[in-house]
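Chemist: Numbering (my numbering), first residue to last: 3 to 851. All C-beta atoms, glycine included, are put in the ideal place defined by N, C-alpha and C. In this text the structure is predicted, and so the values were computed from the model without any measurement.
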DNA sequence: ACGATCTGCGCT
DNA sequence: AAAGCGCAGATCGT
């Protein structure tokens, strides 16, 4: 039975609009009051808070705190359902909150909670009189809430987590556990001793103490403050111009720190501290601090450790700012809002928090035997990636300009055809006050080259029609509508889409329509030109340095453990299609040198076979897994006596025969193996490759054959991996990378059973990708150890681009290191294919002498 | 004008 | 309808 509003409830701004009325739920025996926002439809009709979707999410979180929901007291800030579930930022937010205060007052007075947990901004505002949940969450506040003094530990609203923020599930669990602990044990602000305005003697004493800390094996945390920490200016060569440093702070032990103003007199002290024999100097985001210190001539003696990366290695899916991370490893109260008022204290606290977080993160990594993997695969890799990025690859500007001109002409011609194919009324119209002087008496008139057309709008208004933009989804969709064609929808979001696949379908369905093929062609050429040709112009138009080389930034910041490249990204340069060769031809070897590309053969397939503990699959992957699946299919159809035996010496012969005799089946099998190992469905195969798969049923049959023959153990591995990811909420790679997955299985209400959830496929893709990266970077590190760093250019997931001057011995050495057995994978090895050329577009196979 | 967000597309 | 990555252009709000 829905609750009836109390008769005393009058004057509520939601009285006419609001529905239902919720009362507090749960016993509150653990001393924690969870305060939500306002009831939704389910809550309003049942009269209880958190019983709908957000309630389901909250219950799962509460379960993981190992407490019963009933042990908490659960209430809402506003007690009836606002229109459209809109409260935060609504015109009635303030009035409705104030009106419902009377009920919060009563609930607090009756329960006398030890801790209140505001869930989201509305509740936070009600408790602390301020908003900003993302900055304040996880911290402990002592506050007086409605006449009752207690702790307040803010956390996210469950509905926020449901809206695509499921990586924060674990954070919410942690926040609630902290609230429970505070209710049980109480909270005391930790004592601290910061040297905020040091005299020369103070600094000297700090340096002496730091020296003994270095001898004990402690680390030194360092943090600089600058006037504008956000913006950085760099000149053409990547050096920082503007670097004013205000102060530098240090800490070598929890709860202690010193902040040293940046003055000429203090410079020597700062330099002295950074030369003490510490094992590491620790920064939070060293890429900000270290270059600025160096640009001032300060040198850092010890190795640099970036604690932010250590955090990223520990848990890659969470925010990385120190204020967020410190809630997990310190008892410090929130301090990030104090930078303006108390700069000395703020800076000390930054250094102290860095020390405390570093110790906490290191302890966790060591407990899980992942600390050495961090030093090897992040710390030691970083300078290598920086060197590779700086080496650069030469761009042939003559070839680039020729290709650019060719694309430009083609694009102009296609655009003219596009303008002819589109009715005038579909062009963007912009009204103008006055008639242009060159207007002719006949309307509309315009310029066929530019597509600009003068016109009169419906209201008799003068205006100009600009060309139809094939790059604008909005205008393309308007065209589809105008032609009476069904507008395709994105399968997940259900939004209108103009994706390539959908336009290809429309082109097929309406073969007489002139526009669709033109759009496809123009997009292809347009992307090529803007992303891959214009971008390689000399600076400042493009990315190419005055010496003719393009330099990139390589990073391992992506949450998957893979590598990425930036400014520009060298990893997505076209490789297939007719434009790929002229595009790659722009990338050339320096005079007297050769570009060499070393590709791991079938790397992901071999890794999947390893993970599935399937020797046969590994052998099949190395021989050619697609052809071997094809042999299973042919054997079923009695076109072959038996599937290829991967142990047979002559196995390569029938593989070649299948490739040449059944090219279509070979392609089909390629798609089946590839998509199936990532959790792809037969439906997807049919949609993406309509020519190869005449029906979904055919794709289903082939996947069935795959999973019952060659891929039997792979199927089992997928099943086991998902179970493991679901049970522990994360997966670890053999190289120490961990990725969290919060929704591997989800409740399918249609089929009334657990089904693959939104993270299932991420979980299947994680290990092959994370392993692939570490196999390659380990090889790169060995190449560096051979003093061959200078030949390294770009890592591209499963291949490595290098540049060598003469002789084949360097190629041989790099190949050997890449093919070396990998101890982390039980000495699994991968074979490498080498191609060589003077340009990236004309590489030929290379064989060792 | 400028930044934030969305859409589409290249690669593995 | 495997995934995540970075980039360019369009759109929308300020």
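Alpha carbon to alpha carbon, how far is residue 283 from residue 740?
Modeler: Distance between the alpha carbons of residue 283 and residue 740: 25 Å.
Chemist: Quick check on the DSSP output: the beta strand (DSSP E) that includes residue 758 runs from which residue to which?
Modeler: Looking at the DSSP string, the run of the beta strand (DSSP E) that includes residue 758 is 755-758.
Chemist: Compare the C-alpha of residue 150 against each of 175, 848, 109 and name the closest.
Modeler: When only C-alpha atoms are compared, the closest one is 109.
Chemist: Rounded to whole angstroms, what's the CA-CA distance from residue 823 to residue 790? Just pull it up for me.
Modeler: Roughly 20 Å separates the two Cα atoms.
Chemist: Identify which residue in 800, 76, 785, 805 has its Cα closest to the Cα of residue 793.
Modeler: Out of 800, 76, 785, 805, 805 has the C-alpha closest to the C-alpha of residue 793.
Chemist: Taking 6 Å as the limit between beta carbons, can you name the residues of its chain near residue 540, skipping five residues before and five after?
Modeler: If we look at residue 540 and ignore the five residues flanking it on each side, its Cβ neighbours are 546.
Chemist: When you compare only the Cα positions, how much space is there between residue 514 and residue 428?
Modeler: Their Cα atoms are separated by approximately 19 Å.
Chemist: Assuming residue 86 and residue 23 make a contact with CB atoms under 8 Å, what is their CB distance in whole Å?
Modeler: Their Cβ separation, rounded to whole angstroms, is 18 Å, which puts residue 86 and residue 23 out of contact at 8 Å.
Chemist: Please report the residue range of the alpha helix (DSSP H) in which residue 325 lies.
Modeler: It spans 324-331 - the alpha helix (DSSP H) in which residue 325 sits, taken as one unbroken run.
Chemist: What is the rounded straight-line gap between the Cα of residue 337 and the Cα of residue 354?
Modeler: If you take the alpha carbons of residue 337 and residue 354, they lie about 12 Å apart.
Chemist: Please state whether the Cβ-Cβ distance between residue 567 and residue 554 is less than 7 Å.
Modeler: Going by C-beta atoms, residue 567 is nearer than 7 Å to residue 554.
Chemist: What whole-angstrom Cβ distance do residue 292 and residue 306 have, given they're in contact under 8 Å?
Modeler: Confirmed, Cβ separation roughly 6 Å.
Chemist: Do the region 666-680 and the region 496-506 touch if we need at least three Cβ pairs shorter than 8 Å?
Modeler: No contact exists between the region 666-680 and the region 496-506.
Chemist: Candidates 137, 656, 274, 40: which alpha carbon is nearest residue 160's?
Modeler: If we check each option's Cα against that of residue 160, 40 comes out closest.
Chemist: DSSP on residue 589, reduced to helix/strand/coil?
Modeler: Reduced to three states, the DSSP call for residue 589 is strand.
Chemist: How long is the line joining the alpha carbons of residue 693 and residue 636, rounded to whole angstroms?
Modeler: Straight-line Cα distance between these residues: approximately 20 Å.
Chemist: Excluding the 5 residues preceding and the 5 following residue 27 in the sequence, name in chain order all residues of the same chain whose CB lies nearer than 7 Å to its CB.
Modeler: The answer, listed in chain order, is 50, 51, 76.
Chemist: Can you give the beta carbon distance from residue 611 to residue 657, rounded, assuming they're within the 8 Å contact cut?
Modeler: In fact, because the Cβ distance is near 17 Å, the residues do not count as touching under 8 Å.
Chemist: Have a look at residue 253 and residue 358 and give me their C-alpha separation to the nearest angstrom.
Modeler: Computed Cα separation, rounded: 9 Å.
Chemist: Buried or exposed: which applies to residue 494, given that a residue is buried once 16 or more other Cβ atoms fall within 10 Å of its Cβ?
Modeler: Result: exposed.
Chemist: Mind checking whether residue 340 and residue 348 have CB atoms under 7 Å apart?
Modeler: Yes, the pair counts as a contact, with Cβ atoms nearer than the cut-off.
Chemist: Can you list, in chain order, the residues of its chain whose CB lies under 7 Å from that of residue 705, leaving out five sequence neighbours each side?
Modeler: Around residue 705: 674, 678, 684.
Chemist: Quick check: the region 296-314 against the region 270-288, are at least 3 beta-carbon pairs closer than 8 Å?
Modeler: With the cut-off at 8 Å, the region 270-288 and the region 296-314 touch.
Chemist: Starting from residue 780 and walking both ways along the alpha helix (DSSP H), at which residues does that stretch end?
Modeler: That run of the alpha helix (DSSP H) goes 762-787.
Chemist: Tell me whether residue 344 is buried or exposed, calling it buried when 16 or more other Cβ atoms sit within 10 Å of its Cβ.
Modeler: Exposed, by the Cβ-count rule.
Chemist: Between the region 767-781 and the region 809-826, are three or more C-beta pairs nearer than 8 Å?
Modeler: Output reads yes: the region 809-826 touches the region 767-781.
Chemist: Where residue 255 and residue 285 are concerned, what is the direct C-alpha to C-alpha distance, given to the nearest angstrom?
Modeler: Each residue's Cα considered, the two are about 14 Å apart.
Chemist: Kindly indicate the opening and closing residues of the beta strand (DSSP E) around residue 554.
Modeler: Note, residue 554: premise wrong, no beta strand (DSSP E); not H, not E.
Chemist: Can you tell me which of the three DSSP states residue 545 falls into?
Modeler: Here residue 545 sits in coil by DSSP.
Chemist: Taking the beta strand (DSSP E) that residue 196 falls in, what are its first and last residues?
Modeler: Run containing residue 196: 195-197, per the beta strand (DSSP E) assignment.
Chemist: The beta strand (DSSP E) with residue 865 in it runs from where to where?
Modeler: Absent from the structure is residue 865, since the part of the chain shown begins at 3 and ends at 851.
Chemist: Just checking my contact of residue 599 with residue 841 at CB under 8 Å: how many whole Å lie between their CB atoms?
Modeler: Actually they are not in contact, since the Cβ atoms of residue 599 and residue 841 sit about 11 Å apart, beyond 8 Å.
Chemist: Which residues mark the beginning and the end of the beta strand (DSSP E) in which residue 600 is found?
Modeler: Note, residue 600: beta strand (DSSP E), 596-602.
Chemist: Could you work out which residue in 95, 387, 482, 710 is closest to residue 511 when comparing CA atoms only?
Modeler: Here the closest residue by C-alpha is 482.
Chemist: Please identify the residue among 351, 386, 712, 702 whose C-alpha is closest to the C-alpha of residue 565.
Modeler: It is 386.
Chemist: Mark residue 738 as exposed unless 16 or more other C-beta atoms lie within 10 angstroms of its C-beta, in which case mark it buried.
Modeler: It is buried - the Cβ of residue 738 has at least 16 other Cβ atoms within 10 Å.
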